[in-house]
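Let me begin by presenting the structure, written as structure tokens, before commenting on it.
Number of protein chains: 2
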Amino acid sequence: MKNGKDTAVVAVSGGMDSCVTLAIAAESFTPAMLHIDYGQRTAQKELECFGKIADFYNVKLRLSTSLPHLKEIKGSSLIDTSIEIERGAPDKMRIPSTYVPFRNASILSVAVAWAEVIGAAKIFIGAVEEDSSGYPDCKSAFFEAFEKAARLGTRPGNQITIETPIIHMKKSGIVETGIRLKAPFQLTWSCYIESETACGECESCYLRQKGFHEAGIEDPIPYKRRGVFNE
Amino acid sequence: MKNGKDTAVVAVSGGMDSCVTLAIAAESFTPAMLHIDYGQRTAQKELECFGKIADFYNVKLRLSTSLPHLKEIKGSSLIDTSIEIERGAPDKMRIPSTYVPFRNASILSVAVAWAEVIGAAKIFIGAVEEDSSGYPDCKSAFFEAFEKAARLGTRPGNQITIETPIIHMKKSGIVETGIRLKAPFQLTWSCYIESETACGECESCYLRQKGFHEAGIEDPIPYKRRGVFNE
């Protein structure tokens, strides 16, 4: 008989979605936290939040690594500072410039490899499908296909599953879940542009503020501009 | 009407399998060549071969990038020099120590992201299923599942396919195909251990020598030891 919880790899960017996903995972598993620097503008700030969140949850197994190719191939305003980042609400008719090509497949490939080495049976990732920017690699159908690839492409007997516990939640539901689980929102960072004080204008700040506003809860982090929901 | 061939991303390690895969791809497509340093012992030698093969095929689009996580998480003798590499014929009953956890998923994630940015509709990869070391991420079922994930996880309308033209070939058939297509075997490198003169003893040298031996063709590269097929 085993003592203690099984290990689960949790991909944690340092944003509110991944922090709540970690809070959910930590209820039933011992989290092994993964952060990836793929050249995003706010990578250093994310890593700082990642460290504080990991300390908060007393996480021993941490992997902070990088995926240099996404910076090299360009193709996203989240990485390439010569492309402007969209402001405000997502445009449902198009994929925003912040979409990073097939990023979640790269992140999951690292997570699955690490899970195979440390013997973790689950990967948690905080993707959100509907109430989001509409990235194609945040759809549940993608995660189902990737889970199958992971089962087939690793050592026989591995039953690694991909868990996306907040994928169908609204942003307000994610905030409410985080509050219920005492997730440390004060340690998280969602802004795509700034690393000191969140801009309050980019699509990610918009979605975060919308979530807190609709949940009727005050966002504990400071903003340069409080956005449309606080005017 | 388009002038010229469509572009296809080809993952090229510098070994005989990927060189023949490139030769096949180059018949119908303009190759965009991808090499990945994931911390393998012979990465520098591979990269040297990659450059020579790219020059041979006059390839303009080249991406040489790295995946640092596979070195960080360990778990493979191909990367971790403290683990011994198996000699001789593959043991069909077990996955060898040279298996790199979910490596092909990471390589394909890079390939698909690059394909999306440069507008390539196909990825070629030189995996071999049966006449090989038995790595789980070299099975056709894995590639089929990954192709589905790639279609679902990239911009709508993308029809990126994963092509594995030599996956069901025997090693001798790969050699014969390469000879027919005038693939530059003299520029390739398969040895897992050495970077100057191939050892002739590791599993990869074994499989390569078996292929040339069964095809009745002389391998143009020098070996420290010619192996069981030449004694």
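Chains S and C, in that order, give the protein sequences. 24 is the number that the working numbering gives to position 24 of the first sequence; each next residue is one higher, with no gaps. 17 is the number that the working numbering gives to position 17 of the second sequence; each next residue is one higher, with no gaps. Just so it is clear, CB atoms sit at the ideal spot from N, CA and C, and this is done for glycine as well. Because the structure is a prediction, the values reported are computed rather than measured.
- Query: Between Gln-40(S) and Ile-174(S), what straight-line distance do the alpha-carbon atoms span, to the nearest angstrom?
  - Reply: Taking the first residue of the first sequence as 1, we reach residue 40(S) at position 40. Taking the first residue of the first sequence as 1, we reach residue 174(S) at position 174. Using only the alpha carbons, I get a separation of about 24 Å.
- Could one say the Cβ of Ala-141(S) lies closer than 9 Å to chain C's Cβ atoms, at least one of them? Numbered from 1 along the first sequence, position 141 holds the residue referred to as residue 141(S). Taking Cβ atoms only, chain C reaches closer than 9 Å to Ala-141(S), which makes this a yes.
- Item | 9 Å Cβ cutoff met for Thr-42(C) and Ser-76(C) | Taking the second sequence and counting its residues from 1, the one referred to as residue 42(C) is at position 42. Taking the second sequence and counting its residues from 1, the one referred to as residue 76(C) is at position 76. Taking 9 Å as the Cβ cut-off, Thr-42(C) and Ser-76(C) do not qualify as a contacting pair.
- Task: Measure from the C-beta of Phe-102(S) to each C-beta in chain C and report whether the shortest distance is under 9 Å.
- Result: In the first sequence, the residue the question calls residue 102(S) occupies position 102. Residue contact with chain C for Phe-102(S): present (Cβ-Cβ distance below 9 Å to some residue of chain C).
- Item | Residue-level contact to chain S via CB, Phe-146(C), 9 Å cutoff | For this step, residue 146(C) is matched to residue 146 along the second sequence. With 9 Å as the cut-off, Phe-146(C) counts as an interface residue toward chain S.
- Task: Would you mind listing the alpha helix (DSSP H) stretches within the segment 163-212 of chain S that are 4+ residues and don't spill past its ends, in chain order?
- Result: Listed in chain order, the complete alpha helix (DSSP H) runs (minimum 4 residues) inside the segment 163-212 of chain S are 171-180.
- What number of angstroms, rounded off, separates the C-alpha of Gln-159(C) from the C-alpha of Ala-111(C)? As a first step, residue 159(C) must be located in the second sequence, where it is residue number 159. As a first step, residue 111(C) must be located in the second sequence, where it is residue number 111. The straight-line gap from Cα to Cα measures roughly 14 Å.
- Task: Note down, in chain order, every chain C residue with its Cβ under 9 Å from the Cβ of Arg-41(S).
- Result: The residue you call residue 41(S) lines up with position 41 of the first sequence. Here the premise fails: no neighbours, minimum Cβ distance about 18 Å.
- Message: I'd like to know whether the C-beta of Thr-21(C) is nearer than 9 Å to at least one C-beta of chain S.
- Response: On the second sequence, residue 21(C) is found 21 positions in, with the first residue counted as 1. For Thr-21(C), no Cβ of chain S is located within less than 9 Å of the residue's own Cβ.
- Query: According to DSSP, is Ser-28(C) helix, strand or coil?
  - Reply: By 1-based counting over the second sequence, the position of residue 28(C) is 28. In the three-state reduction of the DSSP assignment, Ser-28(C) falls in the helix class, which pools H, G and I.
- Message: At the 9 Å Cβ level, is Glu-116(S) part of the contact set with chain C, yes or no?
- Response: Numbered from 1 along the first sequence, position 116 holds the residue referred to as residue 116(S). Output row for Glu-116(S): interface = yes.
- Item | Three-state class that DSSP yields for Thr-81(S) in the structure shown | Here residue 81(S) is taken as the residue at index 81 of the first sequence, counted from 1. In this structure, Thr-81(S) counts as coil in the three-state DSSP scheme.
- When Cβ atoms are compared, which residues of the segment 57-80 of chain S fall closer than 8 Å to chain C? Listed in sequence order: Leu-63, Thr-65, Ser-66, Leu-67, Pro-68, His-69, Leu-70, Glu-72, Ile-73, Lys-74, Gly-75.
- Query: Under a three-way DSSP split, which group does Met-1(C) fall into?
  - Reply: Position 1 of the second sequence, counting from 1, holds the residue named residue 1(C). Here the model assigns Met-1(C) a pLDDT of 42, short of 50, so the residue's position is not dependable and the matter cannot be decided.
- Collapsed DSSP secondary structure at Thr-65(S) in the structure displayed: Looking up residue 65(S) in the first sequence gives position 65. Looking at Thr-65(S) - three-state DSSP - the assignment turns out to be strand.
- Task: Would you mind sorting Val-59(S) into buried or exposed? The rule is 16 or more other CB atoms within 10 Å of its CB.
- Result: Here the question's residue 59(S) lines up with position 59 in the first sequence. By the 10 Å Cβ count, Val-59(S) comes out buried.
- Can you check whether the CB of Ala-149(S) is closer than 9 Å to the CB of Phe-241(C)? Coverage of chain C is limited to positions 1 through 231, which leaves residue 241(C) absent and any answer about it impossible.
- Pick out whichever of Ile-73(S), Pro-220(S), Ser-109(S), Ser-133(S) has its Cα sitting closest to the Cα of Lys-92(S). Taking the first sequence and counting its residues from 1, the one referred to as residue 92(S) is at position 92. Minimum Cα distance to Lys-92(S) is reached at Ser-133(S).
- Query: Based on Cα-Cα distance, which residue from Tyr-135(S), Ala-8(S), Ala-198(S), Arg-62(S) lies nearest to Arg-94(S)?
  - Reply: For this step, residue 94(S) is matched to residue 94 along the first sequence. Per the Cα distances, Tyr-135(S).
- Message: With a threshold of 9 Å between beta-carbons, can Gly-153(S) be considered close to chain C, or not?
- Response: By 1-based counting over the first sequence, the position of residue 153(S) is 153. Closer than 9 Å to some Cβ of chain C, the Cβ of Gly-153(S) qualifies, so yes.
- Message: In this structure, how does DSSP classify Ile-36(C) when only helix, strand and coil are distinguished?
- Response: Position 36 of the second sequence holds residue 36(C). Look at Ile-36(C) here: in three-state DSSP terms it is strand.
- Item | Met-217(S), DSSP secondary structure in three states | By 1-based counting over the first sequence, the position of residue 217(S) is 217. The sequence as given places Ile at residue 217(S); Met does not occur at that position. DSSP places Ile-217(S) in coil when its eight states are reduced to three.
- Compare the C-beta of Ile-83(C) with all C-beta atoms of chain S and state if any pair is closer than 9 Å. On the second sequence, position 83 is the one that residue 83(C) refers to. Closer than 9 Å: no.
- Message: Less than 7 Å between C-beta atoms, sequence neighbours within five positions excluded: which residues of the same chain meet that for Met-1(S)?
- Response: Counted from its first residue, the first sequence places residue 1(S) at position 1. Bear in mind that the predicted position of Met-1(S) carries a pLDDT of just 42, short of 50, making it unreliable; the figure below should be weighed with that in mind. Nothing listed; no residue qualifies.
- For Lys-224(S) and Phe-185(S), the rounded distance between their alpha carbons: Indexing the first sequence from 1 puts residue 185(S) at position 185. Indexing the first sequence from 1 puts residue 224(S) at position 224. Roughly 18 Å between the two C-alpha positions.
- Message: Just verifying my parser: in three-state terms, what is the DSSP assignment at Arg-225(S)?
- Response: Start at 1 with the first residue of the first sequence, and residue 225(S) comes out as number 225. It is coil, neither helix nor strand.
- Query: What residues in its chain sit with their C-beta under 8 Å from that of Leu-47(S), if we drop five residues either side in the sequence?
  - Reply: Residue 47(S) sits at position 47 when you count from the first residue of the first sequence. Taken in chain order, the residues that qualify are Gly-14, His-35, Asp-37, Ser-64.
- Message: Between Ser-106(C) and chain S, is any beta-carbon pair separated by less than 9 Å?
- Response: Along the second sequence, one-based indexing puts residue 106(C) at 106. By this cut-off, Ser-106(C) is an interface position.
- Task: Return the first residue and the last residue of the beta strand (DSSP E) that Ala-8(C) is part of.
- Result: Taking the second sequence and counting its residues from 1, one reaches residue 8(C) at position 8. Counting along the chain, the beta strand (DSSP E) containing Ala-8(C) begins and ends at 7-11.
- Are the C-beta of Pro-136(C) and some C-beta of chain S separated by less than 9 Å? In the second sequence, residue 136(C) corresponds to position 136, counting from 1. At least one C-beta of chain S is nearer than 9 Å to the C-beta of Pro-136(C).
- Message: For Val-20(S) and Ala-115(S), which I take to be in contact (beta-carbon distance under 8 Å), what is that distance rounded to the nearest angstrom?
- Response: Counted from its first residue, the first sequence places residue 20(S) at position 20. Counted from its first residue, the first sequence places residue 115(S) at position 115. Taking C-beta atoms under 8 Å as the contact rule, Val-20(S) and Ala-115(S) fail to qualify, at a distance of about 21 Å.
- Item | Residues of its chain near Phe-212(S), where Cβ-Cβ distance is below 6 Å and the 5 sequence neighbours each way are ignored | In the first sequence, counting from the first residue as 1, residue 212(S) sits at position 212. Answer for Phe-212(S): Val-175, Asp-219, listed in chain order.
- Task: Determine the DSSP secondary structure at Thr-21(C), reduced to helix, strand or coil.
- Result: Position 21 of the second sequence holds residue 21(C). In the displayed model, Thr-21(C) falls within a helix according to three-state DSSP.
- Task: Please list the partners that Pro-156(C) has in chain S, where partner means a Cβ-to-Cβ separation under 9 Å.
- Result: As a first step, residue 156(C) is located in the second sequence; it is residue number 156 there, counting from the start. When 9 Å is used as the limit between beta carbons, Pro-156(C) is near these residues of chain S: Ile-95, Pro-136, in chain order.
- Task: Using a Cβ cut-off of 8 Å, pull out every chain C residue sitting near Val-112(S), in sequence order please.
- Result: For the purposes of this step, residue 112(S) is identified with residue 112 of the first sequence, where counting begins at 1. Against chain C, the beta carbon of Val-112(S) has neighbours under 8 Å at Pro-101, Phe-102, Ala-105, listed in chain order.
- Message: Cutting at 8 Å between CB atoms, please list the residues of its own chain near Ile-73(S), excluding the five before and the five after it.
- Response: Counted from its first residue, the first sequence places residue 73(S) at position 73. Counting only Cβ-Cβ distances below 8 Å, and skipping sequence neighbours, we find Pro-101.
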